[in-house]
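K.L.:
Numbering (my numbering), first residue to last: 1296 to 1489.
Quick one: this structure, given as structure tokens, is what I'll be asking you about.
The structure is reproduced here in structure tokens:
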């Protein structure tokens, strides 16, 4: 079962893409390792949602709930199996099982809805946020706060797929400890249309 390949950290589509393995079944061959030496949880979330979406007839995701049951091993294929629980006029519900070898690594529920003709009221932020382009990159913050930025640099700058901008740059100062952290996060490359 050792036939997975390491992700190049650049093309998110490559990481999330699954290959068909029968009706309502898909396999993951790419992997990204987290700090604990297991498959990164965000990858599992994205792949489970993608697998479920393949059975939802073009409906948009509206909810995802996942339970991580055990750490997924890098280099081993993850098989996703999707079960249709409901297909209504406006809503579809799916259950996804993620299996590696003989062990269940995740169990997820996902809902999909028909596109609305008019979007509802967008969530309003409690405070005005600056535009992402006006904020320094993580690399620029690391230069500005070399002693305090190591954890953030290790966690995020090693993933060039994301452009992350910290809204409150004073977070690295001791007086700002305990303050909420807010980020702008976007992909450096757009995802493929599918």
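Cβ atoms here follow ideal geometry from the backbone N, Cα and C, with glycine treated the same way.
A quick note: this is a predicted structure, and the numbers were derived from the prediction, not measured.
Give the list of continuous beta strand (DSSP E) stretches no shorter than 3 residues that lie fully inside the segment 1359-1395.
P.N.:
Segments of the beta strand (DSSP E) lying fully in the segment 1359-1395: 1373-1382 and 1386-1395.
K.L.:
Return helix, strand or coil for residue 1356, following the three-state DSSP convention.
P.N.:
Residue state, collapsed to three classes: strand.
K.L.:
Under 6 Å Cβ to Cβ from residue 1374, same chain only, skipping five residues before and after it: list those, please.
P.N.:
Closer than 6 Å at Cβ, skipping near neighbours: 1322 and 1394.
K.L.:
Helix, strand or coil for residue 1426? Go by DSSP, reduced to three states.
P.N.:
Coil.
K.L.:
Count Cβ pairs between the segment 1421-1430 and the segment 1363-1383 that sit closer than 8 Å; are there 3 or more?
P.N.:
Touching, no, given that fewer than three Cβ pairs across the two stretches are closer than 8 Å.
K.L.:
Classify residue 1403 as helix, strand or coil using the three-state DSSP reduction.
P.N.:
Reduced to three states, the DSSP call for residue 1403 is strand.
K.L.:
By how many angstroms is the C-alpha of residue 1305 removed from the C-alpha of residue 1347?
P.N.:
For residue 1347 and residue 1305, the distance between alpha carbons rounds to 24 Å.
K.L.:
Mind checking which residues open and close the alpha helix (DSSP H) that includes residue 1345?
P.N.:
From DSSP, the alpha helix (DSSP H) with residue 1345 extends over 1336-1348.
K.L.:
Between 1437, 1432 and 1438, which has its C-alpha nearest residue 1459's C-alpha?
P.N.:
It is 1432.
K.L.:
With respect to the alpha helix (DSSP H) encompassing residue 1439, which residues constitute its N-terminal and C-terminal limits?
P.N.:
From DSSP, the alpha helix (DSSP H) with residue 1439 extends over 1433-1439.
K.L.:
Measure the beta-carbon distance from residue 1311 to residue 1345 and round it to whole angstroms, keeping in mind my assumption that it falls under 8 Å.
P.N.:
At roughly 6 Å, the Cβ-Cβ gap stays under 8 Å, so residue 1311 and residue 1345 are in contact.
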